[in-house]
Amino acid sequence: MTMRLMLITIGLLDSALTRSIPKYDLCMEACGEDPHEDNKFVVTVVEMCRDQCDKEERTRCIEENRQNEAEIRNCWKAALNRCIDNSKRKS
């Protein structure tokens, strides 16, 4: 009985302590590190990948907030801010 209780407790703690990583962060991580600027092809591929991640995040946000116009505007603002941040990082 004690063993079952311990297994259940450990299982519950394990599921409660694990947190999911947002899809946007996983996507950006999959794009890779910032490449050296002398290799234009790799730079372009990474930028295109990151742009796609931004588009997917914007679409996901809009879909989640379909019924709320204010939240949809916030989705667009967040997408614009991510775009600006990415541009600053490139400079």
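According to mature numbering (1 follows the signal peptide of the UniProt record, and there is no 0), the stretch in the sequence shown is residues -18 to -1, 1 to 73, in order.
All C-beta atoms, glycine included, are put in the ideal place defined by N, C-alpha and C.
Coarse secondary structure for residue i, derived from DSSP in three states
i          : result
residue 63 : helix
residue 47 : coil
residue 53 : helix
residue 2  : coil
residue -8 : helix
residue 19 : coil
Residue j beta carbon less than 7 Å from that of residue i
i          : j          : result
residue 32 : residue 57 : no
residue 6  : residue 29 : no
residue 9  : residue 35 : yes
Status (buried if at least 16 other CB within 10 Å, exposed otherwise) for residue i
i          : result
residue 71 : exposed
*asked:* Count Cβ pairs between the stretch 20 to 29 and the stretch 45 to 59 that sit closer than 8 Å; are there 3 or more?
replied: The stretch 20 to 29, when compared against the stretch 45 to 59, does not touch it at the 8 Å Cβ threshold.
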